[in-house]
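Each number in my numbering corresponds to the 1-based position in the sequence shown with 12 added.
Quick reminder that beta carbons are idealized off the backbone N, C-alpha and C, glycines included.
All of these numbers come straight from a predicted model, not from anything done at the bench.
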Amino acid sequence: MTGSSPDGRPLPSPGGSGRQSGPQVTDVIVIGAGVAGLVTAVVLARQGIDTLVLERASRADVESRSRAGLLGPGAVEVLERHGLAEGLRAAGAPHRNCEFRHRRQAFVVEYAQYVDGRHHMVYPQQKLVADLVLAYLAAGGTIEFSVRDVTLDGLTSDRPTVAFVTANGEGRTAKSRFIAGCDGHHGVSRASIPWEALRCTQQYESPWAWLAVLAGVAPSTDKIIYGVSPQGFAGHMLRDHQTSRFYLQVEAGTDAAQWPADRIWEELQARLAVDEDWELAEGPLLEPPSVVAMDSAFYEPMRFGRLLLAGDASRRVPPAAAKGAGLAIADGETLGLAVAAALHDLDERPLDAYSDVCQRRAWLSQEASTKLLHMVHVEFSDPFAQRLQDVRLDRLRTSPAAAADFAEHYVSPV
Ligand code: APR
């Protein structure tokens with residue numbers, strides 16, 4: 013096995029530091045070791061399919077990058093099916109209800125009770141990534157971390173090729189039967205598809221963005237809080253016992269540098285304030301705040317020749333409703349099984365259906381995110397929209413049918 017040792021350090025290439033004589037040959041090359049790429053890779057490697065994962069970041073980086081923290085029941089089921097949920101079960105926390113705050117009044121939606129107990133798990137994504145790396149290496153897979161200059165070629169041929177430069181500066185080429193493009197929204201995979209072969213359906217210009225803040229402080233709540241106030245939306249999300257994620261609605265195009273810690277805490281205190289005995293604990297910011305755009309984009313089909321896209325490489329969904337990671341995990345399973353059917357049984361029908369299966373899931377998730385955004389984002393200059401928002405939140409508080417509808421969107425399809 014070439015690539016990384018179990019602790020992630022690059023192993024020497026066969027033949028020492030000299031040039032590689034010919035291209036490495038493998039069944040599948042997976043580009044990107046996020047959740048989409050790693051689930052794809054584990055599913056393939058477990059079926060005895062020779063798989064090479066190429067990741068631009070170092071192992072330490074992918075295992076420490078703070079991303080999402082909430083996994084829906086569909087995503088958890090995928091992980092369970094493949095024996096990948098051990099860490100999640102040991103260290104994750106079940107999440108069954110969430111709180112809305114509106115005009116300083118709080119109400120809780122016990123969403124799990126409307127959907128047969130289906131619920132989320134709180135588990136930081138970087139921990140899941142670490143679990144998946146271990147599972148993949150244990151299945152005999154190969155990962156090259158810290159690669160650069162990845163380029164794809166021959167995508168419509170039987171043997172597509174990927175060229176890359178390894179962590180120690182060696183130029184390599186690998187040939188495979190399929191390439192899984194799992195390298196996120198700004199990766200090289202989607203960019204390698206001729207533009208006329210991809211259809212992009214997107215929402216133009218959201219006026220809102222979220223300022224994302226990660227603080228080294230225990231959460232001041234045991235459930236996610238969606239706060240709607242005259243100053244705008246504020247979210248209090250959960251990560252672990254020492255860390256909390258917060259979001260603040262800001263104008264699209266906001267410069268995060270305009271938000272020093274004092275301003276962030278002042279605004280969170282104001283937007284999450286409630287007429288009851290509750291305090292928001294403050295703590296140090298663990299990373300510079302960033303601005304997350306709320307725009308959405310879907311690229312179809314997710315297949316071009318022998319290249320299959322998965323996860324964020326094929327779409328961008330807003331973080332509201334926490335669907336992105338779940339969709340990436342579900343894509344990974346669908347893709348891994350479809351490629352396995354093509355290689356083992358020479359059955360390409362699952363691959364032909366792959367894009368439609370994933371897109372259906374993704375659009376349903378987009379609908380959940382869109383509805384939640386309309387529920388919580390404040391339209392400052394539109395009193396008409398504000399009155400409708402009052403009605404939506406009031407219905408959610410008082411109508412079991414509205415709560416059941418919210419619950420269904422919140423937990424499905426991932
Ligand atoms: N070459 C190799 N690797 C690359 C390249 C490249 N050119 N470009 C990006 N990558 C790597 C990134 O470093 C990252 O580790 O691809 C990986 C993509 O992982 P993610 O961005 O986590 O994407 P994905 O697996 O699709 O999961 C996306 O996770 O946090 C949630 O909601 C979020 O929707 C998002 C989901």
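When DSSP labels each residue in this structure, what does Leu-167 get in the three-state scheme?
In this structure, Leu-167 counts as coil in the three-state DSSP scheme.
What number of angstroms, rounded off, separates the C-alpha of Gln-59 from the C-alpha of Asp-165?
One C-alpha to the other measures close to 26 Å.
Given a threshold of 16 other Cβ atoms within 10 Å of its Cβ, counted over all protein chains shown, does Cys-212 qualify as buried or as exposed?
exposed
Taking the alpha helix (DSSP H) that Met-387 belongs to, which residues open and close that run?
Taken as a continuous stretch (DSSP letters only), the alpha helix (DSSP H) holding Met-387 covers 361-388.
What residue range does the beta strand (DSSP E) around Asp-252 cover?
244-252
Three or more C-beta pairs closer than 8 Å, one from the region 280-294 and one from the region 188-196: is that the case here?
The region 280-294 is not in contact with the region 188-196.
Just tell me which of Asp-368, Gln-254, Pro-313 has its CA closest to the CA of Pro-296.
Gln-254
How about Arg-257: is its Cβ closer than 6 Å to a heavy atom in the ligand APR?
no
Have a look at Leu-405 and Tyr-238 and give me their C-alpha separation to the nearest angstrom.
11 Å
Reducing DSSP to helix, strand and coil, say where Glu-312 ends up.
strand
Quick check: the region 220-235 against the region 245-265, are at least 3 beta-carbon pairs closer than 8 Å?
Touching, yes.
Decide yes or no for the touch test of the region 315-331 against the region 371-387: beta carbon pairs closer than 8 Å, at least 3 of them.
Touching, per the Cβ criterion.
Indicate whether the contact test is met: 3 or more Cβ pairs, each with one atom in the region 35-51 and one in the region 59-75, closer than 8 Å.
yes
Which residue from Ile-276, Gln-270, Asp-252 puts its Cα closest to that of Ile-259?
It should be noted that the sequence gives Tyr, not Ile, for residue 259. Nearest option by C-alpha distance: Ile-276.
Once you ignore the five residues that flank Ser-367 on each side, which residues in its own chain have a CB closer than 7 Å to its CB?
Glu-312, Pro-313, Met-314, Arg-315
Taking the straight line between their C-alpha atoms, what separation do you get for Gly-30 and Thr-185?
Because the pLDDT at Gly-30 is just 39, under 50, the model does not fix this residue reliably, and the point stays unresolved.
Is Tyr-216 buried or exposed, if buried means 16 or more other CB atoms sit within 10 Å of its CB?
exposed
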